[in-house]
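Here is the structure we will look at.
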Amino acid sequence: MFDLTRPHRRDALKLGLGIAASAAAMPLPSAQAATRRLDPANPADARLIYRKLRYRTDDGLLFSWIKGPYMASISGDLVPMYALNLGAIQRVTQNADGSFNLIDLEISFRVDAQTGERLKTLRNPITGETVPVGGRGPIPTHLKVSADNEFVIPELPGQPRYEHEHVPVSFFPLGRTELAIRDRSHARVTAPDGSVSFLNEVSTIAGPSELVLDPTTTTVNARVQSNDVRSWPAWLNMGDRPGSLALFANGGKVSRFADLPDDWHAMLKIYYPQIAADPIAVLDGKVKIDASSW
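This is the structure we're talking about:
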(Lines of atoms letter the chains of each structure in order from A and count residues from 1; the text may use other names and numbers.)
(Lines give C-alpha, C1' and ligand atoms only; values in the text may rest on other atoms or scores of the structure.)
Protein backbone atom coordinates (compact mmCIF):
# COMPACT_ATOMS: atom_id res chain seq x y z
CA MET A 1 0.00 0.00 0.00
CA PHE A 2 1.29 3.46 -0.82
CA ASP A 3 2.55 5.19 2.34
CA LEU A 4 1.53 8.83 2.27
CA THR A 5 3.92 9.68 5.07
CA ARG A 6 7.20 8.50 3.45
CA PRO A 7 9.26 9.86 0.52
CA HIS A 8 9.14 7.98 -2.75
CA ARG A 9 11.78 5.26 -3.22
CA ARG A 10 13.26 7.25 -6.12
CA ASP A 11 13.73 10.28 -3.86
CA ALA A 12 15.29 8.13 -1.14
CA LEU A 13 17.78 6.66 -3.60
CA LYS A 14 18.77 10.12 -4.79
CA LEU A 15 19.25 11.23 -1.19
CA GLY A 16 21.46 8.20 -0.50
CA LEU A 17 23.60 8.86 -3.56
CA GLY A 18 24.03 12.48 -2.50
CA ILE A 19 25.24 11.50 0.95
CA ALA A 20 27.66 8.96 -0.49
CA ALA A 21 29.06 11.48 -2.95
CA SER A 22 29.91 14.18 -0.46
CA ALA A 23 29.25 14.95 3.17
CA ALA A 24 29.27 18.61 2.19
CA ALA A 25 26.22 17.98 0.04
CA MET A 26 24.12 17.01 3.05
CA PRO A 27 21.27 19.47 3.71
CA LEU A 28 21.47 21.60 6.79
CA PRO A 29 19.33 20.47 9.77
CA SER A 30 16.90 23.33 9.18
CA ALA A 31 16.37 22.24 5.58
CA GLN A 32 15.80 18.65 6.68
CA ALA A 33 13.21 19.77 9.19
CA ALA A 34 11.47 21.89 6.58
CA THR A 35 10.97 18.88 4.29
CA ARG A 36 9.65 16.51 6.98
CA ARG A 37 6.06 15.50 6.31
CA LEU A 38 3.53 14.95 9.04
CA ASP A 39 3.09 11.30 9.99
CA PRO A 40 -0.41 10.10 11.04
CA ALA A 41 1.27 7.35 13.09
CA ASN A 42 2.93 10.00 15.27
CA PRO A 43 0.47 11.08 18.01
CA ALA A 44 1.58 14.73 17.95
CA ASP A 45 1.33 14.87 14.14
CA ALA A 46 -2.03 13.08 14.24
CA ARG A 47 -3.45 15.80 16.49
CA LEU A 48 -2.27 18.46 14.03
CA ILE A 49 -3.69 16.60 11.02
CA TYR A 50 -7.06 16.24 12.71
CA ARG A 51 -7.10 19.90 13.70
CA LYS A 52 -6.02 20.99 10.19
CA LEU A 53 -8.77 18.97 8.49
CA ARG A 54 -11.57 19.79 10.91
CA TYR A 55 -10.53 23.23 12.14
CA ARG A 56 -7.17 24.99 11.71
CA THR A 57 -3.85 25.06 13.54
CA ASP A 58 -3.57 28.85 13.78
CA ASP A 59 -5.95 31.69 14.66
CA GLY A 60 -8.63 32.54 12.13
CA LEU A 61 -12.03 31.86 10.61
CA LEU A 62 -13.61 28.67 9.24
CA PHE A 63 -16.58 28.17 6.92
CA SER A 64 -18.32 24.82 6.47
CA TRP A 65 -21.59 23.33 5.27
CA ILE A 66 -23.57 20.08 5.12
CA LYS A 67 -26.74 19.11 3.26
CA GLY A 68 -28.76 15.92 3.34
CA PRO A 69 -31.90 14.12 4.51
CA TYR A 70 -32.95 13.05 7.97
CA MET A 71 -34.68 9.67 7.85
CA ALA A 72 -36.64 7.85 10.50
CA SER A 73 -35.21 4.40 11.16
CA ILE A 74 -38.30 2.50 12.26
CA SER A 75 -39.71 -1.01 11.84
CA GLY A 76 -36.81 -2.08 9.65
CA ASP A 77 -37.28 0.79 7.18
CA LEU A 78 -35.91 4.26 6.45
CA VAL A 79 -38.60 6.92 6.05
CA PRO A 80 -37.57 10.39 4.74
CA MET A 81 -38.67 13.06 7.22
CA TYR A 82 -36.98 16.32 6.19
CA ALA A 83 -33.56 17.55 5.11
CA LEU A 84 -30.87 19.78 6.57
CA ASN A 85 -29.22 22.73 4.84
CA LEU A 86 -26.61 24.03 7.25
CA GLY A 87 -23.84 26.60 7.02
CA ALA A 88 -21.41 27.35 9.84
CA ILE A 89 -19.01 30.18 10.61
CA GLN A 90 -16.38 29.58 13.28
CA ARG A 91 -13.52 31.50 14.85
CA VAL A 92 -10.51 29.66 16.28
CA THR A 93 -8.20 31.26 18.86
CA GLN A 94 -5.21 29.22 19.99
CA ASN A 95 -4.18 29.04 23.65
CA ALA A 96 -0.67 28.71 25.08
CA ASP A 97 -1.46 25.27 26.60
CA GLY A 98 -2.28 23.76 23.19
CA SER A 99 -6.05 24.07 23.57
CA PHE A 100 -8.11 26.51 21.55
CA ASN A 101 -11.27 28.54 21.97
CA LEU A 102 -14.00 28.11 19.37
CA ILE A 103 -16.89 30.43 18.59
CA ASP A 104 -19.44 28.51 16.54
CA LEU A 105 -22.33 30.12 14.61
CA GLU A 106 -24.47 27.50 12.88
CA ILE A 107 -27.32 28.63 10.65
CA SER A 108 -29.42 25.55 10.01
CA PHE A 109 -32.50 25.36 7.80
CA ARG A 110 -34.81 22.35 8.00
CA VAL A 111 -36.08 21.92 4.47
CA ASP A 112 -38.35 19.71 2.39
CA ALA A 113 -36.39 16.59 1.40
CA GLN A 114 -37.58 16.88 -2.22
CA THR A 115 -37.90 20.60 -2.98
CA GLY A 116 -35.25 22.01 -0.63
CA GLU A 117 -37.63 24.76 0.53
CA ARG A 118 -37.60 25.78 4.16
CA LEU A 119 -40.16 24.13 6.42
CA LYS A 120 -41.97 25.86 9.25
CA THR A 121 -44.41 22.99 9.75
CA LEU A 122 -44.00 19.31 8.92
CA ARG A 123 -46.55 16.61 8.30
CA ASN A 124 -44.96 13.70 10.15
CA PRO A 125 -45.24 10.79 7.68
CA ILE A 126 -45.26 8.26 10.51
CA THR A 127 -47.87 9.77 12.82
CA GLY A 128 -49.81 11.80 10.23
CA GLU A 129 -49.67 14.81 12.58
CA THR A 130 -48.64 18.26 11.36
CA VAL A 131 -46.19 19.78 13.83
CA PRO A 132 -44.25 23.06 14.06
CA VAL A 133 -40.65 22.47 13.01
CA GLY A 134 -38.33 22.78 15.98
CA GLY A 135 -34.73 23.88 16.16
CA ARG A 136 -32.38 26.37 17.70
CA GLY A 137 -31.88 29.88 16.41
CA PRO A 138 -28.48 31.06 15.15
CA ILE A 139 -26.86 32.10 18.42
CA PRO A 140 -23.03 31.96 18.68
CA THR A 141 -21.84 29.16 20.96
CA HIS A 142 -18.55 29.51 22.85
CA LEU A 143 -16.62 26.28 23.31
CA LYS A 144 -13.17 25.14 24.37
CA VAL A 145 -11.29 22.29 22.70
CA SER A 146 -8.44 20.67 24.61
CA ALA A 147 -4.89 20.08 23.37
CA ASP A 148 -6.06 16.53 22.55
CA ASN A 149 -8.97 17.88 20.47
CA GLU A 150 -11.65 16.98 23.01
CA PHE A 151 -14.58 19.27 23.78
CA VAL A 152 -14.49 20.76 27.27
CA ILE A 153 -18.17 20.85 28.30
CA PRO A 154 -18.84 22.46 31.69
CA GLU A 155 -21.76 21.40 33.85
CA LEU A 156 -24.05 24.37 34.51
CA PRO A 157 -26.90 24.40 37.04
CA GLY A 158 -30.30 24.13 35.38
CA GLN A 159 -28.79 23.19 31.99
CA PRO A 160 -28.63 19.79 30.25
CA ARG A 161 -25.76 17.56 31.35
CA TYR A 162 -23.56 16.21 28.55
CA GLU A 163 -21.56 12.99 28.72
CA HIS A 164 -19.38 12.98 25.61
CA GLU A 165 -17.19 10.13 24.39
CA HIS A 166 -14.82 10.75 21.47
CA VAL A 167 -13.64 7.55 19.78
CA PRO A 168 -9.97 7.66 18.63
CA VAL A 169 -9.73 9.04 15.10
CA SER A 170 -8.68 6.72 12.26
CA PHE A 171 -6.70 7.88 9.22
CA PHE A 172 -6.77 6.32 5.75
CA PRO A 173 -5.95 7.25 2.13
CA LEU A 174 -9.02 8.08 0.06
CA GLY A 175 -8.08 7.26 -3.50
CA ARG A 176 -4.61 8.35 -4.58
CA THR A 177 -4.62 12.03 -3.74
CA GLU A 178 -6.56 12.50 -0.50
CA LEU A 179 -6.04 11.68 3.15
CA ALA A 180 -9.17 11.14 5.25
CA ILE A 181 -10.09 10.91 8.91
CA ARG A 182 -13.06 9.06 10.34
CA ASP A 183 -14.26 10.86 13.43
CA ARG A 184 -16.80 9.22 15.74
CA SER A 185 -18.40 10.34 18.98
CA HIS A 186 -21.25 9.44 21.31
CA ALA A 187 -23.15 11.87 23.52
CA ARG A 188 -25.66 11.19 26.27
CA VAL A 189 -27.70 14.23 27.24
CA THR A 190 -29.67 14.41 30.46
CA ALA A 191 -32.21 17.23 30.49
CA PRO A 192 -33.08 19.13 33.68
CA ASP A 193 -36.32 17.11 33.90
CA GLY A 194 -34.33 13.84 33.91
CA SER A 195 -35.15 12.73 30.37
CA VAL A 196 -32.26 11.22 28.44
CA SER A 197 -31.42 11.45 24.75
CA PHE A 198 -28.57 10.12 22.64
CA LEU A 199 -26.55 11.35 19.69
CA ASN A 200 -24.04 9.24 17.75
CA GLU A 201 -22.01 11.04 15.09
CA VAL A 202 -19.70 9.64 12.40
CA SER A 203 -17.94 12.05 10.04
CA THR A 204 -15.47 11.37 7.25
CA ILE A 205 -13.35 14.40 6.37
CA ALA A 206 -10.89 14.32 3.45
CA GLY A 207 -8.41 16.78 1.99
CA PRO A 208 -5.48 16.80 -0.47
CA SER A 209 -2.70 14.64 0.98
CA GLU A 210 0.08 16.97 -0.15
CA LEU A 211 -1.44 19.87 1.77
CA VAL A 212 -2.65 17.88 4.77
CA LEU A 213 0.80 16.35 5.41
CA ASP A 214 2.69 19.58 4.71
CA PRO A 215 3.75 20.99 8.12
CA THR A 216 3.67 24.55 6.76
CA THR A 217 -0.07 24.57 5.97
CA THR A 218 -2.48 25.54 8.75
CA THR A 219 -5.84 24.60 7.23
CA VAL A 220 -7.16 22.96 4.06
CA ASN A 221 -10.38 22.87 2.12
CA ALA A 222 -12.01 19.52 2.82
CA ARG A 223 -14.84 17.24 1.75
CA VAL A 224 -17.19 16.04 4.48
CA GLN A 225 -19.56 13.12 4.82
CA SER A 226 -21.65 13.53 7.96
CA ASN A 227 -23.90 10.91 9.52
CA ASP A 228 -25.62 10.85 12.87
CA VAL A 229 -28.15 8.68 14.66
CA ARG A 230 -30.13 10.33 17.42
CA SER A 231 -33.14 9.97 19.68
CA TRP A 232 -36.44 11.33 18.38
CA PRO A 233 -36.49 15.14 18.70
CA ALA A 234 -39.29 16.17 21.05
CA TRP A 235 -40.94 18.38 18.39
CA LEU A 236 -41.71 15.34 16.19
CA ASN A 237 -44.09 14.01 18.88
CA MET A 238 -43.01 10.41 18.30
CA GLY A 239 -43.88 9.40 21.85
CA ASP A 240 -42.43 6.06 22.95
CA ARG A 241 -42.22 4.57 19.45
CA PRO A 242 -39.03 2.51 19.07
CA GLY A 243 -36.64 3.90 16.49
CA SER A 244 -34.32 6.80 15.83
CA LEU A 245 -33.58 9.64 13.43
CA ALA A 246 -30.59 9.32 11.09
CA LEU A 247 -28.79 11.95 9.02
CA PHE A 248 -27.15 11.21 5.65
CA ALA A 249 -25.35 14.39 4.60
CA ASN A 250 -22.44 15.65 2.54
CA GLY A 251 -20.63 18.96 2.63
CA GLY A 252 -17.29 20.62 2.99
CA LYS A 253 -14.98 23.10 4.64
CA VAL A 254 -14.24 26.09 2.42
CA SER A 255 -11.99 29.13 2.42
CA ARG A 256 -14.53 31.95 2.27
CA PHE A 257 -18.03 32.81 3.42
CA ALA A 258 -18.94 33.37 -0.24
CA ASP A 259 -18.03 29.73 -1.01
CA LEU A 260 -20.95 28.35 1.04
CA PRO A 261 -23.78 26.95 -1.15
CA ASP A 262 -25.90 29.35 -3.21
CA ASP A 263 -29.25 28.01 -2.00
CA TRP A 264 -28.14 28.41 1.62
CA HIS A 265 -27.07 32.02 0.89
CA ALA A 266 -30.47 32.69 -0.72
CA MET A 267 -32.34 31.49 2.39
CA LEU A 268 -29.96 33.39 4.64
CA LYS A 269 -30.80 36.67 2.89
CA ILE A 270 -34.54 36.01 3.30
CA TYR A 271 -34.66 34.76 6.89
CA TYR A 272 -31.53 36.23 8.52
CA PRO A 273 -30.58 39.37 6.57
CA GLN A 274 -28.49 40.62 9.51
CA ILE A 275 -26.19 37.61 9.19
CA ALA A 276 -26.05 37.93 5.41
CA ALA A 277 -25.04 41.58 5.74
CA ASP A 278 -22.30 41.05 8.34
CA PRO A 279 -21.75 37.42 9.37
CA ILE A 280 -18.55 38.10 11.32
CA ALA A 281 -20.20 40.76 13.49
CA VAL A 282 -22.91 38.24 14.39
CA LEU A 283 -20.32 35.53 15.06
CA ASP A 284 -18.51 37.83 17.49
CA GLY A 285 -21.74 38.94 19.20
CA LYS A 286 -21.51 42.53 17.98
CA VAL A 287 -24.86 42.20 16.17
CA LYS A 288 -27.79 40.39 17.80
CA ILE A 289 -30.32 38.37 15.81
CA ASP A 290 -34.01 39.22 16.06
CA ALA A 291 -35.55 36.22 17.82
CA SER A 292 -38.85 36.72 15.98
CA SER A 293 -37.17 35.67 12.72
CA TRP A 294 -36.51 32.12 13.98
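Mapped onto this note's numbering, the consecutive letters of the sequence shown carry residue numbers 5 to 298.
The beta-carbon is built from N, C-alpha and C at its ideal position, and this holds for glycine as well.
Under 8 Å: do the region 259–270 and the region 98–105 share three or more Cβ pairs, one atom per stretch?
no
Answer with buried or exposed for arginine 260, where buried requires no fewer than 16 other C-beta atoms within 10 angstroms of its C-beta.
exposed
Rounded C-beta distance between valine 115 and leucine 123? I'm assuming under 8 Å.
6 Å
According to DSSP, simplified to helix, strand and coil, what is tryptophan 239?
helix
Just verifying my parser: in three-state terms, what is the DSSP assignment at arginine 299?
Residue 299 lies beyond the range of the chain shown here (5 to 298); nothing can be said about it.
Indicate the three-state DSSP secondary structure (helix, strand or coil) for glutamate 159 in the structure shown.
coil
Could you pull the start and end residues of the beta strand (DSSP E) that aspartate 232 belongs to?
226–234
Taking buried to mean at least 16 other C-beta atoms within 10 Å of its own C-beta, is isoleucine 274 buried or exposed?
exposed
Which of helix, strand or coil does DSSP assign to isoleucine 130?
coil
Can you tell me whether glutamate 214 is helix, strand or coil according to DSSP?
helix
Contacts around aspartate 288, its chain only, beta-carbon distance under 8 Å, and the 5 residues preceding and following it disregarded:
Arg95, Ile107 and Pro144
Identify the continuous alpha helix (DSSP H) that holds arginine 313 and give its terminal residues.
Outside the shown range of the chain, which is 5 to 298, sits residue 313, and nothing can be said about it.
So what's alanine 4 in DSSP terms, helix, strand or just coil?
Examination of residue 4 is not possible in this model, given that the chain is present from 5 through 298 alone.
Would you list the one or two residues that DSSP bridges to histidine 168?
Ala191
Comparing C-alpha positions only, which one of Gly64, Pro212, Ile185 and Pro129 sits nearest to methionine 242?
Pro129
Could you work out which residue in Trp236, Ile185 and Gly179 is closest to phenylalanine 202 when comparing CA atoms only?
Trp236
Is the Cβ-Cβ distance between leucine 42 and alanine 226 less than 7 Å?
no
By Cβ distance below 7 Å, which residues in the same chain neighbour alanine 4 in space, the five residues on each side in sequence not counted?
Since the first and last residues shown for the chain are 5 and 298, residue 4 lies out of range.
On the DSSP bridge list, what partners appear for proline 84?
Met75
What residue range does the beta strand (DSSP E) around aspartate 108 cover?
104–115
In whole angstroms, what is the alpha-carbon distance linking isoleucine 111 and valine 156?
22 Å
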